[in-house]
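Everything in the sequence shown is counted per the numbering used here, starting at 374 for the first residue and increasing by one. Virtual Cβ for every residue (Gly too), placed ideally from N, Cα, C.
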Amino acid sequence: MANSVPASLRPFNTFGVEATCNELISFNDEESIQSWLKAEKPALDSLFILGGGSNLLLLGHIPLTFLQASIQVINYMEQQAGDDVLVTVGAGVNWHQLVLDSLNKGYSGLENLSLIPGNVGAAPIQNIGAYGVELKDRFVSLRAVELASGDVREFSAQDCQFGYRDSIFKRALKGRYVITQVTLRLNKHSQPHIEYGPLKQMLADETAITAKQVSDAVIAIRQSKLPDPAQLGNAGSFFKNPVVTEEQFQTLHDAFPELVAYPVGDKHYKLAAGWLIEKAGLKGYREGDAGVHDRQALVLVNYGQASGDDILRVAKRVRDKVLELFGVNLEPEVWIIGKQQIFPS
Ligand code: EPU
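Structure follows, in C-alpha cells:
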C-alpha cells in the first residue's frame, strides 16, 4: 500500500540538512507503485525518486513529490551447478544490512562494499564502489517501473551501461524509472579481492582469508577516516576523482611530484581528489556548521545546523580553489537537488 508521510526531508538525507518537498510517498511493493502511477498519471517533472538519501544534497524547499520504494525482501537462490548464489533484493533494503546478511549466510561477494550507506535500489544508479570492487562486478539484473507508463522493465548489466560512479539512470534514463529490485551474483566460497593497498596491509598476516575478515577490515578502514552519518552529517565522497589526460597528468606531476594518481584506461589518469583538496589547504576547512572533513578531504560534513546552501557554499569554495591551483575541475558525485540546478553535475 502507498503510505503518505509528512514532507520534512531531514530524516531522509544523511547530510541531515533541513529540507522539504511537496509530498513524500513510500511504497512497500512494486504493484502499489504501478497502480499509483496508473491512477494518478503524474507529470514526470513533478516527481523525484528517493533512495536512502545518502548521496544527496537538498536545498531548501523542493517543489516535487518524492517517491520511495521501501520494498524489503531478500531471496537467496543457490544455483544447481557451480558455486554461484543469486540474491534478489528489494530496493528498500539497507545496503550494509544486505552485506551482513549475505556474509552471515556464508556467501561472499559483497564484503569489499561493507558499510556503504544507502539502499539497495540506489546502488546501481551510481554503481557504488569501494576497495577495488564495484556493484557492476556482482550485478546480474534489476527490475524497475517506468514512471511514464507504470510498466515494469527488466535491465541486464549491459542495459545499465555502468561506468565509474555512473549508469544509464544518471544519463539517458535519469528520473524515468524507479528501481524496485536488484539481483546480484554471490559465491559459496570466499574469493578475496584485497588489491587495495591498506586492505592488503591489514590482512598481510592472514593465510586463508575469509569474506568476513575482508569485511571487518573494510569496516575498520572506513571507520578510521569516513565519518558515520549518524554522528556527523555527510554523503560520502562529495566529488568524483577527476580523470585527466596523460599530458595534463605529466604537467601536474612535474609541478607536484607527490601527486596521487592511478593510470586508468587508455592514456588517462585518475587523480585522488582528496589529495588535491588537502594540498589546497582545505582539509578541515570550516564555514559555520559546514566544512571539509578533517580526516578525508573528499567528504563534506554538516557539524549540526548547516543548511544545504551552506554545504554548497563550501563545495564551491573547494571547487574554485582546486581549479585555480591545479586547473582541474571537480565534479560533484552527490546529486544536488533544489529549485534550480546551481552546481554543474
Ligand atoms: N588523500 C589525501 N588526503 C585526503 C584524502 C585522500 O591525500 O584527505 C589521498 C591519499 O593518498 C589516499 C588517496 O588520496 O591514498 C585515496 O584516498 P582513499 O583511499 O580514501 O579513496 P578516495 O579516492 O578518496 C574512493 C571512493 C570512496 C571509496 C574509496 C575506497 C570516489 C569518489 N570515492 O575515495 O567512495 O570508499 O575510494 O575505495 O571514488 C563514496 O563514493 O562516497 C566513497 C566514499
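{"query": "Suppose only complete runs of 3+ residues qualify. What are the beta strand (DSSP E) ranges in the segment 550-629, listed by chain order?", "result": "550-560, 606-610 and 616-618"}
{"query": "What residues in its chain sit with their C-beta under 8 Å from that of residue 543, if we drop five residues either side in the sequence?", "result": "498 and 499"}
{"query": "Please go through the segment 625-700 and give each complete beta strand (DSSP E) segment of 3 or more residues, from N-terminal end onward.", "result": "634-637, 641-644, 663-665 and 672-675"}
{"query": "Whole angstroms are fine: how far does the CA of residue 493 sit from the CA of residue 398?", "result": "18 Å"}
{"query": "Which residues in the same chain have their Cβ closer than 7 Å to the Cβ of residue 481, if we skip the five residues on either side of it in sequence?", "result": "559, 560, 562, 563, 564 and 584"}
{"query": "Considering only the beta carbon of each residue, do residue 555 and residue 503 sit closer than 8 Å?", "result": "no"}
{"query": "CB-CB under 6 Å to residue 488, same chain, minus the five flanking residues each way: which ones, in chain order?", "result": "469, 592 and 595"}
{"query": "Residue 471 by DSSP, collapsed to three states: which one?", "result": "helix"}
{"query": "Check the C-beta distance from residue 719 over to residue 672 and give it rounded, since I have them as a contact under 8 Å.", "result": "Outside the shown range of the chain (374 to 718) lies residue 719, about which nothing can therefore be said."}
{"query": "Mind checking residue 697: buried by the 16 CB within 10 Å criterion, or exposed?", "result": "exposed"}
{"query": "From this set, 385, 693 and 408, which residue's C-alpha is nearest residue 518's C-alpha?", "result": "408"}
{"query": "If you draw a straight line from the alpha carbon of residue 690 to that of residue 613, how long is it in whole angstroms?", "result": "16 Å"}
{"query": "Excluding sequence positions up to five away, which residues of its chain have a Cβ less than 8 Å from the Cβ of residue 536?", "result": "500"}
{"query": "Tell me which same chain residues have a C-beta within less than 8 Å of the C-beta of residue 573, skipping the five on either side of it?", "result": "567"}
{"query": "Touch check for the segment 427-441 and the segment 451-458: three-plus C-beta pairs under 8 Å?", "result": "no"}
{"query": "Given residue 389, which residues of its chain have a CB within under 6 Å of its CB, disregarding the five upstream and five downstream residues?", "result": "606 and 675"}
{"query": "Quick one: does the C-beta of residue 538 sit closer than 7 Å to a heavy atom of ligand 1?", "result": "yes"}
{"query": "Which complete beta strand (DSSP E) runs does the segment 421-486 hold, if anything under 3 residues is left out?", "result": "429-431, 434-442, 447-451 and 457-463"}
{"query": "Would you list the one or two residues that DSSP bridges to residue 387?", "result": "BP columns for residue 387 are empty, so no partner."}
{"query": "Decide if residue 668 is buried, meaning its Cβ has at least 16 other Cβ atoms within 10 Å, or exposed.", "result": "exposed"}
{"query": "Could you check what DSSP says for residue 417 in three-state terms: helix, strand or coil?", "result": "helix"}
{"query": "How far does the beta strand (DSSP E) with residue 517 in it extend, from its first residue to its last?", "result": "512-519"}
{"query": "Going by beta carbon distance, what residues of the same chain come within less than 6 Å of residue 484, once the five residues before and after it are set aside?", "result": "584, 587 and 588"}
{"query": "Rounded to whole angstroms, what is the Cα-Cα separation between residue 550 and residue 474?", "result": "27 Å"}
{"query": "Less than 8 Å between the beta carbons of residue 677 and residue 662, yes or no?", "result": "yes"}
{"query": "Assign residue 638 to buried or exposed, taking buried as 16 or more other Cβ atoms, counted over all protein chains shown, within 10 Å of its Cβ.", "result": "exposed"}
{"query": "Have a look at 446, 654 and 513 and flag the residue whose alpha-carbon is nearest the alpha-carbon of residue 670.", "result": "654"}
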